[in-house]
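As structure tokens, the structure follows; a few thoughts come after it.
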Amino acid sequence: MLGKLEEDVLLASLQAGEAALPSEIYARMVDAPGGDRVPQFGAVYTTLTRMAAKKLLSESQKNDAAGRSRRAFTVSAAGRLAIRQSMTRVQALGGFAWAGAMS
Numbered sequence: 001m002l003g004k005l006e007e008d009v010l011l012a013s014l015q016a017g018e019a020a021l022p023s024e025i026y027a028r029m030v031d032a033p034g035g036d037r038v039p040q041f042g043a044v045y046t047t048l049t050r051m052a053a054k055k056l057l058s059e060s061q062k063n064d065a066a067g068r069s070r071r072a073f074t075v076s077a078a079g080r081l082a083i084r085q086s087m088t089r090v091q092a093l094g095g096f097a098w099a100g101a102m103s
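The numbers in UniProt numbering rise by one with no breaks, and the one at position 72 of the sequence shown is 72.
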């Protein structure tokens, strides 16, 4: 099961596309609705590293605009499965929770 930050990082990574730099992933999180509540960049970077170790992301090297080698991340098949399962769970629980919660 994924934590909220892991979900957000995976979704932002999917939006950023293949071989996305951490700064590109972070920018997606900041630009999303509620982006004023995004954790610090260091927390996101640490989460990317941890998720790569768990094989939810694959890691490669990519040159940035200045030609420097940077770490880049792509959501793996295991990461896609994990986010799909997590979103299915959120939808199922959300449907149940909202059934009478607001009346």
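Note that beta-carbon positions come from the ideal geometry of N, C-alpha and C, so glycine has one too.
Distance, residue j Cα to residue i Cα
| i | j | result |
| --- | --- | --- |
| Q15 | I25 | 8 Å |
| D36 | L5 | 14 Å |
| G17 | G34 | 21 Å |
| A32 | A53 | 26 Å |
| G79 | S13 | 10 Å |
| S60 | V75 | 11 Å |
| V90 | S23 | 27 Å |
| F73 | T88 | 24 Å |
Sequence-distant residues of its chain with Cβ nearer than 6 Å to residue i (five each side left out)
| i | result |
| --- | --- |
| R70 | L21, K62 and D64 |
| G94 | none |
| S86 | L2 and E7 |
| V38 | M29 and V30 |
| E58 | Correcting the residue type first, residue 58 is Ser in the shown sequence and not Glu. Excluding residues within five positions, the ones whose Cβ falls inside 6 Å are T74 and S76. |
Same chain only: Cβ atoms within 8 Å of residue i, ignoring 5 sequence neighbours per side
| i | result |
| --- | --- |
| V9 | I25, M29, V44, T47, L48 and M51 |
| G67 | none |
Segment limits, alpha helix (DSSP H) that includes residue i
| i | result |
| --- | --- |
| L10 | K4 to A16 |
| L48 | F41 to A53 |
| S23 | P22 to D31 |
Bridge partners - residue i, DSSP secondary structure assignment
| i | result |
| --- | --- |
| R70 | K62 |
| V75 | L57 |
Cβ-based neighbour list, residue i, same chain, cut-off 7 Å, excluding 5 preceding and 5 following
| i | result |
| --- | --- |
| D77 | Asp is not the amino acid found at residue 77; the sequence shown has Ala there. There are no such residues. |
| F41 | Y26 |
| L11 | I83 |
Contact belief for residue i with residue j at Cβ below 8 Å, rounded distance in angstroms
| i | j | result |
| --- | --- | --- |
| A19 | L56 | In fact, because the Cβ distance is near 16 Å, the residues do not count as touching under 8 Å. |
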